[in-house]
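**Student:**
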Amino acid sequence: MSKTSKKVVKQPLSPTTVRTIYITVICLVMAVILAVSLALVLKQPTTTPDDGSDGGSSGTSTLYIKNGDFAYFDDESDTFPKSADNWTTYTYKAPDGDTHGFTEITDSEKVISGVIDTDDEAWTSVSADLASQGITATNPGIHDEDLDTNIYMFGTKHATNASIFSSSFSIGSQTSAKITIWLNTSLLGDTSKATIAVQKYSSSNLSAKDDDRYAYSFEIEKAEGWKAYELYLFNRETGSRSVVVSVGIGNCYTNDLADGVLFIDDITYETVSANEYRKFVANTENTTNYGIIGEDDEIAASEYSELVNYDGTTATPITLEDYLSLENAKVEGEAYSPFTLNDHFSIYRVSNDGTNKNTVALMLDKWNGNNIVVKSSDDLKDHLHISFWVRVDQNNVTAQANIMLQSLKDGKWEDLNNGSFTSVVTSQEIDTDNNCGWTKYDIYLKPTSASETTVRVVLALGNVNGYSSEGKYTPNGTLFVTSPYVEAISASDYSSASSGTYAKKVSLVGSTASTTVNNGSFSNISTSNPLQPTSWIPVFAGYNVIYKDGKGNDTIDGLVTTQEAVEGIVERNNVNGNAPYYDDSEQNILKITNNTATAFGYLSNDITLSAKTVYAFSVLVKTEGDANPYFYVVKNGADTRVNAVVGKIETKAGATVADDEKFGLTSSAEEGNGWARYYIVIATGEENMTVRVALFNGSIDGRVKQQGTVYYDYVAMNTLGTYTVDTDKESEKTDRERITFTASEGYTVFEELTDAEFTALAENSNVAISQPDWTTIVENAMAEPVEEETPETTPEGNKVDVALLLSVISSVALVCALLIVIVVKVFKKRNNSIQ
Numbered sequence: 021m022s023k024t025s026k027k028v029v030k031q032p033l034s035p036t037t038v039r040t041i042y043i044t045v046i047c048l049v050m051a052v053i054l055a056v057s058l059a060l061v062l063k064q065p066t067t068t069p070d071d072g073s074d075g076g077s078s079g080t081s082t083l084y085i086k087n088g089d090f091a092y093f094d095d096e097s098d099t100f101p102k103s104a105d106n107w108t109t110y111t112y113k114a115p116d117g118d119t120h121g122f123t124e125i126t127d128s129e130k131v132i133s134g135v136i137d138t139d140d141e142a143w144t145s146v147s148a149d150l151a152s153q154g155i156t157a158t159n160p161g162i163h164d165e166d167l168d169t170n171i172y173m174f175g176t177k178h179a180t181n182a183s184i185f186s187s188s189f190s191i192g193s194q195t196s197a198k199i200t201i202w203l204n205t206s207l208l209g210d211t212s213k214a215t216i217a218v219q220k221y222s223s224s225n226l227s228a229k230d231d232d233r234y235a236y237s238f239e240i241e242k243a244e245g246w247k248a249y250e251l252y253l254f255n256r257e258t259g260s261r262s263v264v265v266s267v268g269i270g271n272c273y274t275n276d277l278a279d280g281v282l283f284i285d286d287i288t289y290e291t292v293s294a295n296e297y298r299k300f301v302a303n304t305e306n307t308t309n310y311g312i313i314g315e316d317d318e319i320a321a322s323e324y325s326e327l328v329n330y331d332g333t334t335a336t337p338i339t340l341e342d343y344l345s346l347e348n349a350k351v352e353g354e355a356y357s358p359f360t361l362n363d364h365f366s367i368y369r370v371s372n373d374g375t376n377k378n379t380v381a382l383m384l385d386k387w388n389g390n391n392i393v394v395k396s397s398d399d400l401k402d403h404l405h406i407s408f409w410v411r412v413d414q415n416n417v418t419a420q421a422n423i424m425l426q427s428l429k430d431g432k433w434e435d436l437n438n439g440s441f442t443s444v445v446t447s448q449e450i451d452t453d454n455n456c457g458w459t460k461y462d463i464y465l466k467p468t469s470a471s472e473t474t475v476r477v478v479l480a481l482g483n484v485n486g487y488s489s490e491g492k493y494t495p496n497g498t499l500f501v502t503s504p505y506v507e508a509i510s511a512s513d514y515s516s517a518s519s520g521t522y523a524k525k526v527s528l529v530g531s532t533a534s535t536t537v538n539n540g541s542f543s544n545i546s547t548s549n550p551l552q553p554t555s556w557i558p559v560f561a562g563y564n565v566i567y568k569d570g571k572g573n574d575t576i577d578g579l580v581t582t583q584e585a586v587e588g589i590v591e592r593n594n595v596n597g598n599a600p601y602y603d604d605s606e607q608n609i610l611k612i613t614n615n616t617a618t619a620f621g622y623l624s625n626d627i628t629l630s631a632k633t634v635y636a637f638s639v640l641v642k643t644e645g646d647a648n649p650y651f652y653v654v655k656n657g658a659d660t661r662v663n664a665v666v667g668k669i670e671t672k673a674g675a676t677v678a679d680d681e682k683f684g685l686t687s688s689a690e691e692g693n694g695w696a697r698y699y700i701v702i703a704t705g706e707e708n709m710t711v712r713v714a715l716f717n718g719s720i721d722g723r724v725k726q727q728g729t730v731y732y733d734y735v736a737m738n739t740l741g742t743y744t745v746d747t748d749k750e751s752e753k754t755d756r757e758r759i760t761f762t763a764s765e766g767y768t769v770f771e772e773l774t775d776a777e778f779t780a781l782a783e784n785s786n787v788a789i790s791q792p793d794w795t796t797i798v799e800n801a802m803a804e805p806v807e808e809e810t811p812e813t814t815p816e817g818n819k820v821d822v823a824l825l826l827s828v829i830s831s832v833a834l835v836c837a838l839l840i841v842i843v844v845k846v847f848k849k850r851n852n853s854i855q
């Protein structure tokens with residue numbers, strides 16, 4: 021049976037519908053045109069602010085050794101050779117005492133130097149320019165045709181020495197580097213030589229001293245064509261080291277002269293493995309000097325310390341040669357090590373096959389045959405540095421090293437966690453690791469004045485305390501450790517040492533006072549003089565440094581200013597029993613002794629005081645005999661030196677403050693052991709001020725000279741509160757009543773002190789009050805104009821052309837209407853013709 025389908029015939033749109041569609045399309049098109057037109061008319065032009073730049077750029081080198089390919093030079097120069105960016109030329113300079121540096125070359129009297137172009141088309145100009153300056157040279161070409169044609173040259177007019185020095189670059193800690201320098205020496209004089217070197221960088225003056233030169237070659241002779249020269253360096257220090265490369269004709273280090281022409285190109289830096297460094301050093305055919313940044317290669321074998329087993333028995337070390345023969349040190353039969361034959365330490369090892377539950381460890385507990393004791397002294401080198409290399413060869417994941425610094429306390433060893441390294445795992449890929457699986461560790465120790473500290477270092481494979489018999493997991497592997505090096509270093513060395521993952525700085529100093537005045541407890545000692553405090557300046561009365569007003573030093577009759585006349589020192593660790601009962605763990609005090617009648621003291625660092633704020637400065641004082649304390653707060657740059665003294669106490673206190681608890685400090689002047697606390701309370705005026713604390717023996721202006729000793733300790737500053745001024749002109753308050761004080765938490769001061777109490781405090785007291793002229797403060801505040809709020813304004817943009825805007829709108833509307841009329845007429849005419 022078949023189905024009968026009905027065919028659907030599509031009916032055409034009616035004329036009215038078609039007309040409507042046309043009109044709609046016309047309106048939409050006109051709307052788009054109108055929108056675009058309005059956007060163009062109303063659009064604000066984009067402006068670019070003037071940043072003062074001329075837009076010019078000469079480009080900069082991105083190479084690690086800046087412009088090592090000599091691609092950047094003085095392109096404004098009309099003649100060759102052209103000055104190279106990032107390079108400076110120097111010549112020899114005779115030593116001056118302990119100083120030995122270089123002299124920068126600023127003329128072409130003896131030598132010309134700079135960038136030249138070896139391109140065949142450019143060489144005609146280059147050759148002519150050189151000839152005009154008295155230099156004859158053939159084109160040396162380049163060592164690699166794929167590189168640019170710029171090279172550097174030296175050409176001598178007279179026998180001399182000259183070198184170019186690079187910008188500084190850094191070699192990271194525990195990093196080996198190879199620096200390659202391409203030279204063409206074919207035009208050197210027959211007996212002349214070229215030199216290359218890598219040396220320590222200094223931002224002030226480059227040094228020509230041997231100790232500051234790491235790697236070099238001073239015997240590069242005349243040869244044909246281009247040849248690459250390599251310098252190897254190994255930085256074993258805890259921090260990166262900044263260096264520079266020097267390349268030259270003759271020798272500006274030793275003043276050896278040379279003549280001829282030297283060509284230089286493509287000075288590059290490459291990080292390499294320490295094993296490559298080791299093999300380079302071991303190759304006796306290499307004439308280029310190599311360098312280790314650090315002390316390892318300068319230390320005799322006898323200077324290294326020995327390790328013992330954890331139970332105290334003797335541990336037997338192996339030599340470096342023995343280590344290289346171990347299977348642990350080889351990959352596919354080739355040995356890998358970061359150490360050279362110039363390293364004089366031995367290697368210790370302990371192993372566990374995974375069955376030993378006991379402690380498997382080595383121990384450093386002796387230095388020069390004695391216990392390792394860290395103690396402060398008057399010797400500049402009273403800090404310690406311990407260094408060693410470690411490698412962990414793992415057979416399972418629990419084979420990790422734990423390096424524990426421990427101190428002896430009450431007969432027991434306690435971990436110093438801030439000086440320990442735990443869960444140490446070194447690289448197992450000794451053939452690809454930069455240091456062949458070894459890592460160097462450094463521990464820096466700062467002594468305390470309070471006591472001596474005995475320390476030791478335990479180097480364990482796994483847990484220091486071993487494992488329980490029920491435990492399933494014990495280490496399987498070997499721990500290698502080099503002979504430790506222990507050395508005394510200065511506080512300056514300690515301060516400048518880096519700390520991080522592989523280096524720890526351990527301060528054995530206990531709690532020190534936080535006094536808000538820098539080093540107010542004198543616990544921090546100068547790195548260059550162990551008897552002087554940091555952040556305090558010794559000074560005689562009347563000196564300009566007290567006032568910072570540029571008026572020079574006062575000449576004070578009878579004031580003796582020789583160093584023999586005074587002694588200002590820090591007595592450390594209560595060495596003579598003079599410290600107050602209230603002190604921090606260091607128990608350091610400042611002692612100022614005048615051997616003859618004079619005026620001498622110490623100044624603190626700058627302290628900024630805010631306007632309309634109340635501060636209390638205080639200090640503990642102890643005197644000997646008839647000596648008086650001289651305690652000041654001095655303002656920097658005052659109009660007169662009398663006005664510079666904001667607050668002062670120049671006599672012993674015979675009575676204390678009646679209700680001293682209001683200061684929130686100490687209710688009694690007696691601090692024990694003959695000490696008394698003195699206060700200078702300062703209410704600042706309408707402006708901030710910068711002040712310093714001055715602690716003197718004799719008056720700060722030299723008016724009073726004194727012989728004898730004054731001790732100071734625990735200089736502090738506390739913010740007691742602030743104040744505001746009532747400027748209501750209708751108020752009938754007195755000037756003093758218009759001042760409203762707001763006390764800091766724990767303090768109630770000025771608002772509870774009457775004028776009578778101020779007067780009483782000034783007489784025979786341990787408190788001095790410094791306050792502004794309240795009448796002037798109020799008058800100035802009342803005279804200040806009231807600032808009216810200024811309404812925010814919107815930056816004015818470009819004005820809109822209203823006539824143009826109306827013209828656009830009307831034109832679009834007119835065109836739209838005209839098109840609609842045409843459509844209507846067309847459809848109307850069509851309908852009439854159909855009918």
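Positions in the sequence shown are counted from 1; adding 20 to them yields the numbering used here.
Virtual Cβ for every residue (Gly too), placed ideally from N, Cα, C.
1) Taking only the alpha-carbon atoms, compute the straight-line gap between Ala114 and Tyr236 and give it to the nearest angstrom.
2) Please classify Ile842 as buried or exposed, where buried requires at least 16 neighbouring CB atoms within 10 angstroms.
3) With Thr459 and Val410 assumed to form a contact (beta carbons below 8 Å), what rounded beta-carbon distance in angstroms separates them?
4) Could you please give me the residues that DSSP links to Ile423 through a beta bridge?
5) Roughly how many angstroms lie between the CA atoms of Asp71 and Ser81, to the nearest whole one?
6) Nearest to Arg758 by CA position, among Ser764, Glu750, Glu765, is which residue?
7) Helix, strand or coil: how does DSSP classify Trp794 here?
8) According to DSSP, what are the bridge partners of Gln448?
9) Can you tell me which of the three DSSP states Lys299 falls into?
10) Would you be able to state if there are at least three C-beta pairs under 8 Å between the region 317-331 and the region 286-299?
11) At which residue ranges does the region 152-177 contain complete alpha helix (DSSP H) runs of 4 or more residues, listed in the order of the chain?
12) So, using beta-carbon positions, are Tyr343 and Tyr84 closer together than 8 Å?
13) Consult DSSP for Arg661 and reduce its assignment to one of helix, strand or coil.
14) For a test of the three-state rule: what should DSSP assign to Asn348, helix, strand or coil?
15) For Gln153, count neighbouring Cβ atoms within 10 angstroms of its own Cβ and tell me buried if that reaches 16, exposed if not.
16) Buried or exposed for Val856, going by 16 or more other Cβ atoms inside 10 Å?
17) Distance check for Gln194 and Val267, CA to CA, integer angstroms please.
18) Tell me whether the beta-carbon of Ser510 lies closer than 8 Å to the beta-carbon of Thr547.
19) Per DSSP, what kind of secondary structure is Glu124 in: helix, strand or coil?
20) Determine the closest residue to Ser489 out of Gly694, Lys377, Ala302, Gly578, with distance taken between C-alpha atoms.
21) Note down the Cα distance separating Thr446 from Val412, rounded to an integer number of angstroms.
22) Roughly how many whole angstroms lie between the Cα atoms of Thr633 and Thr739?
23) Quick one: using the 10 Å Cβ neighbour count with 16 as the cut-off for buried, is Tyr731 buried or exposed?
24) So, are the CB atoms of Val131 and Pro101 less than 8 Å apart?
25) What first and last residue would you give for the alpha helix (DSSP H) that runs through Ala696?
26) The beta strand (DSSP E) that contains Val4, what's its start and end?
27) Would you report the Cα separation of Asn372 and Lys432, rounded to the nearest angstrom?
28) Go to Ile566, then tell me how far its alpha helix (DSSP H) extends in each direction, as first and last residue.
29) Taking the alpha-carbon positions, what's the Lys242 to Thr109 distance?
30) Give me whichever residues DSSP pairs with Gln219 in a beta bridge.
31) Do three or more CB pairs link the region 701-714 to the region 623-632 at distances below 8 Å?
32) Which first and last residues belong to the beta strand (DSSP E) in which Ser512 is found?
33) Shortest alpha-carbon distance to Asp659 belongs to which of Glu644, Tyr650, Tyr567?
34) Please report the distance separating the alpha-carbon of Thr498 from that of Gly332.
35) Taking Val478 as the reference, give the member of Leu428, Ile545, Ser345 with the closest Cα.
36) Assign Asp721 to buried or exposed, taking buried as 16 or more other Cβ atoms, counted over all protein chains shown, within 10 Å of its Cβ.
**Tutor:** In terms of the structure at hand:
1) Spanning the two alpha carbons is a distance of roughly 20 Å.
2) Classification for Ile842: exposed.
3) Rounded, the Cβ-Cβ distance is 6 Å, consistent with contact.
4) Its beta-bridge partners are Phe441, Leu479.
5) Summary for Asp71: the model assigns pLDDT 37, below 50, so the residue's position carries little reliability, and this model does not support an answer.
6) Here the closest residue by C-alpha is Glu750.
7) Helix.
8) Beta-bridge pairing links Gln448 to no other residue.
9) Helix at Lys299.
10) The answer is no - the region 317-331 does not touch the region 286-299, with fewer than three Cβ pairs under 8 Å.
11) Whole alpha helix (DSSP H) segments, 4+ residues: zero.
12) Not closer than 8 Å, so no.
13) In the structure shown, Arg661 sits in a helix (DSSP, three-state: H, G or I).
14) Helix.
15) So Gln153 counts as exposed.
16) No statement about residue 856 is possible, as the shown extent of the chain runs from 21 to 855 and does not include it.
17) The straight-line gap from Cα to Cα measures roughly 26 Å.
18) With respect to Thr547, Ser510 sits close: the two C-beta atoms are nearer than 8 Å.
19) Glu124: strand per DSSP, three-state reduction.
20) Checked all of Gly694, Lys377, Ala302, Gly578; the closest Cα to Ser489 is Lys377.
21) Cα to Cα, Thr446 sits roughly 6 Å from Val412.
22) When rounded, the distance between both Cα atoms is 8 Å.
23) The residue is buried, with at least 16 neighbouring Cβ atoms inside 10 Å.
24) Taking 8 Å as the Cβ cut-off, Val131 and Pro101 do not qualify as a contacting pair.
25) Careful: Ala696 lies outside any alpha helix (DSSP H), inside the beta strand (DSSP E) at 695-703.
26) This structure cannot speak to residue 4, because the chain is shown only from 21 to 855.
27) Taking the straight line from one Cα to the other gives about 27 Å.
28) Annotation: the continuous alpha helix (DSSP H) that includes Ile566 extends over 564-567.
29) About 22 Å.
30) Arg233, Val264.
31) The count of Cβ pairs closer than 8 Å, one atom from the region 701-714 and one from the region 623-632, reaches three, so the stretches are in contact.
32) Counted as a single uninterrupted DSSP element, the stretch harbouring Ser512 is not any beta strand (DSSP E) but the alpha helix (DSSP H) occupying residues 511-516.
33) From the listed residues Glu644, Tyr650, Tyr567, the smallest Cα separation to Asp659 is found for Tyr567.
34) Those two C-alpha atoms are separated by around 19 Å.
35) Among Leu428, Ile545, Ser345, the Cα nearest to that of Val478 belongs to Leu428.
36) Around the C-beta of Asp721, 16 or more other C-beta atoms lie within 10 Å, and the residue is accordingly described as buried.
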